[in-house]
Amino acid sequence: MANDRTIHWGSRHEDNQARRALLIAVDAMRQKGYNPVSQLSGYLMTGDLAYITNHNHARNLLKGLEREELLHELVRFYLRDQP
1 MANDRTIHWG
11 SRHEDNQARR
21 ALLIAVDAMR
31 QKGYNPVSQL
41 SGYLMTGDLA
51 YITNHNHARN
61 LLKGLEREEL
71 LHELVRFYLR
81 DQP
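For the sequence shown, the UniProt record's numbering gives the first residue as 1, with consecutive numbering after it.
This is how it looks when you write it as structure tokens:
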């Protein structure tokens, strides 16, 4: 029998922390000539921080957050203006 229960999931950190880390990392990747969408996608899928540049401490900022928290912030931002 199927489970009809919906699981509630939340972030461990404030969304602002994930948002700030993502914005700094995206800016650092652009400064170094990387495509942030490709690099972040690679990191989120594999967990390999080598996808994230060390420039401006971007790697360390993302390292302090769970990938799920980053994904949560990206989805929240994407859906922000949806009806």
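Glycine included, every Cβ here is placed at the ideal spot set by N, Cα and C.
Residue j beta carbon less than 8 Å from that of residue i
i   : j   : result
L74 : L62 : no
T53 : M29 : yes
A18 : A58 : no
Assigned secondary structure, residue i (DSSP; H/G/I helix, E/B strand, else coil)
i   : result
N60 : helix
L65 : coil
G42 : helix
I24 : helix
Q17 : helix
Q31 : helix
R5  : coil
Contacts around residue i, its chain only, beta-carbon distance under 7 Å, and the 5 residues preceding and following it disregarded
i   : result
L44 : R67, L70 and L71
Close Cβ partners of residue i (< 6 Å) along its chain, the five nearest in sequence each way excluded
i   : result
R20 : none
Own chain residues within Cβ distance below 8 Å of residue i, not counting five before or after
i   : result
Y51 : Q39, L40, G42 and Y43
N35 : M29
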